[in-house]
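Counting in my numbering, the sequence shown runs from -10 upward without gaps.
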Amino acid sequence: MTQALAVVLAAGKGTRMKSDLPKVLHRLAGAPMLGHVLGAAGAAGIVRAALVVGPGMDAVGEAGLAVVPEAQVFVQSEQLGTADAVKAAAPAYETCAGPVLVLYGDTPLLRAETLKAVLGELEAGADLVVIGFEAADSTGYGRLLFDDKSRLQGIREEKDATPAERALTLCNSGIMAFRASATLSDLLSRIGNDNSKGEYYLTDAVALAHQDGLQTRVVLSNGEEVLGVNSRSELSVAEGLMQRRLRAAVMEHGTTLVAPDTVFLSYDTVVGRDVVIEPNVIMAPGVTIEDGAMIRGFCHLERARVGAGSTVGPFARLRPGAELAPGAHVGNFVEIKNAKVAEGAKVNHLTYIGDASIGPNANIGAGTITCNYDGFSKHRTEIGAGAFIGSNSSLVAPVKIGDGAYIGSGSVISKDVPDNALALTRARQEERDGWASKVRQRRSRDKSK
């Protein structure tokens, strides 16, 4: 099965999405729907892919190539049905030595385990396999039909079905697989368009295969897994189902989600054991959280790494490039961007750290900011081990604060500070004895006039 090919149909315009973005590029858990489908195929061991897109859908092809760099992209010039769409990928499947699976770019919840089951049926001798599911409401789906020997003999689209056929609840997901590319080519060449829509249905291949005496089988799935997304409403339903799946996976591997329904994960979120995630946390793509870390409520993380035993939040934001070493502390209303916070360092509140490195056991006082942008370029700030940055300080990059150095509160530091030195730039404090009493007395006299 290592030579298997996935032909992914992704030419739909997604009119019901009311969007300029092609339907399959709408995101689910941080990745385009198309990416989820290709990811499931890859996880099932299907390493070759052919994408069928519509005219002018270069962005769809590019998104597919970002997941499978060696994928082939074909254009379906006219939308004449699913069989016609598969034919557009003929140069790919006609040179395929293994089975061919026809998938859809708008079914992002498809699991690798189901595709493996399909491949297993092909290995066991099936010529054609269809993924089917029992529907509580079968309206709109094609029905799977069986002969008197319980062999799959056809698929009837609802518009062409009889009342008795419409009463059936075992439905077609649309996903189909062929053991040999020659079988697929032969069946496609014989499919006509004598139906209510005048289109070439790939589903007609089942009846033709049954007539030829080929082995046709069904792999059962559930309706959620093969849900097709055609509208924003359906996208939100799919997002909810995906989040439920992702949350269950991290909890199964040893993470505590205090309020699971309020935590949103991405397709690639990696969470270690004994991690605790409090309510209202969002993980954008590219986040890794190591064992024993604590993510407190109302945090947002993106392309960031949190070291073992570290604490983040509440109300913290880790932007791309944020790296927290084990035991680091990032507190409330702190933003970290493209910066490394070393082991034991503390950035506890009301602080912005961007384009910087903070040494082990350094302490960053409240209100500190690294002034990393001069209007043209970004510059780095280096803070040494054990340094102490007083509250409300501004570090104007590029600048280096030495090991063990102290920065006085309220300072603006624009020059390097040596190890163990004290640097401060605040104005000298002055006192005027009795000044406040004199002012109050004068204002009291003015008020009485």
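Ideal Cβ positions, reconstructed from N, Cα and C, are used throughout, including at glycine. Source: prediction; values computed, not measured.
Asked: Reduced DSSP secondary structure (H/G/I, E/B, other) of Lys2; Found: coil
Asked: Val428 classed as buried or exposed, judged by whether at least 16 other C-beta atoms fall within 10 angstroms; Found: exposed
Asked: Beta-carbon contacts of Ala394 that lie in its chain and below 8 Å, excluding the five residues immediately before and after; Found: Gly373, Ala376, Phe377, Val406, Pro407, Asp408, Asn409, Ala410, Leu411, Ala412
Asked: Neighbour-count burial assignment, Arg306, 16 or more Cβ in a 10 Å radius; Found: buried
Asked: Beta-carbon proximity check, Gln142 vs Ala101, cutoff 9 Å; Found: no
Asked: Cα-Cα separation between Glu267 and His289, rounded to whole angstroms; Found: 12 Å
Asked: Where Asp149 falls, given that 16 or more other Cβ within 10 Å makes a residue buried; Found: exposed
Asked: Whole-angstrom distance between Asp9 and Met(-10), CA atom to CA atom; Found: With a pLDDT of only 48 at Met(-10), under 50, the local geometry of the prediction cannot be trusted, and the value read off the model is given with reservation. Distance between the alpha carbons of Met(-10) and Asp9 is about 38 Å.
Asked: Range covered by the beta strand (DSSP E) that runs through Lys451; Found: This structure cannot speak to residue 451, because the chain is shown only from -10 to 438.
Asked: Met231 - partner residues in DSSP beta bridges; Found: Met231 is not bridged to any residue.
Asked: Within the region 101 to 158, ranges of the beta strand (DSSP E) (whole runs, at least 3 residues); Found: 117 to 123, 132 to 135, 141 to 145
Asked: Whether Val(-4) touches Ala39 by CB criterion (9 Å); Found: yes
Asked: Contacts around Tyr341, its chain only, beta-carbon distance under 7 Å, and the 5 residues preceding and following it disregarded; Found: Glu324, Ile358, Thr359
Asked: One or two residues paired with Pro21 in a DSSP bridge; Found: Arg16
Asked: Ranges of the beta strand (DSSP E) found wholly within the region 338 to 419, counting only runs of at least 3; Found: 358 to 360, 370 to 372, 383 to 385, 388 to 390
Asked: Val264 beta carbon less than 9 Å from that of Thr245; Found: yes
Asked: Bridge-paired residues (DSSP) for Ala166; Found: Leu90, Val118
Asked: Reference Arg415; option with closest CA among Asp422, Gln430, Trp424, Ile396; Found: Ile396
Asked: For Ala38, the three-state DSSP class (helix, strand or coil); Found: strand
Asked: For Met46, the three-state DSSP class (helix, strand or coil); Found: coil
Asked: For Leu176, three-class secondary structure by DSSP; Found: helix
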